[in-house]
Amino acid sequence: MSDNNIRTSRPELGEYICALPVERHMLYFIQTDTDIIIIRILSQHQDAGRHLNWQ
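Note that my numbering numbers the sequence shown so that position 47 is 56, with each residue one more than the last.
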């Protein structure tokens with residue numbers, strides 16, 4: 010993977026969860042050495058803590 014760091018770590022949502030704003034949405038994902046796993050796409054107005062309760 011590229012060394013670009015465009016994400017924001019969100020440890021309060023889960024150990025490896027990151028977020029990236031895209032227009033009016035937030036992408037929540039986990040990045041491994043070879044993959045990016047999209048967990049959820051939410052409107053920026055939605056409560057991530059409520060909608061990412063998957064642990």
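Glycine included, each C-beta is placed from N, C-alpha and C at the ideal position. Given the structure is predicted, the values throughout are model-derived calculations rather than measurements.
No residue range can be given for residue 53, since it is assigned to no beta strand (DSSP E) and is classified by DSSP as neither H nor E. With distances taken between CA atoms, residue 26 lies nearest to 16 out of 51, 16, 33, 32. One alpha carbon belongs to residue 51, the other to residue 39, and they sit about 15 angstroms apart. About 6 angstroms separates the CB atoms of residue 53 and residue 33; that is less than 8 angstroms, so the two are in contact.
Apart from sequence neighbours up to five positions away, the residues of its chain that approach residue 46 with a beta-carbon distance below 7 angstroms are 38, 39, ordered along the chain.
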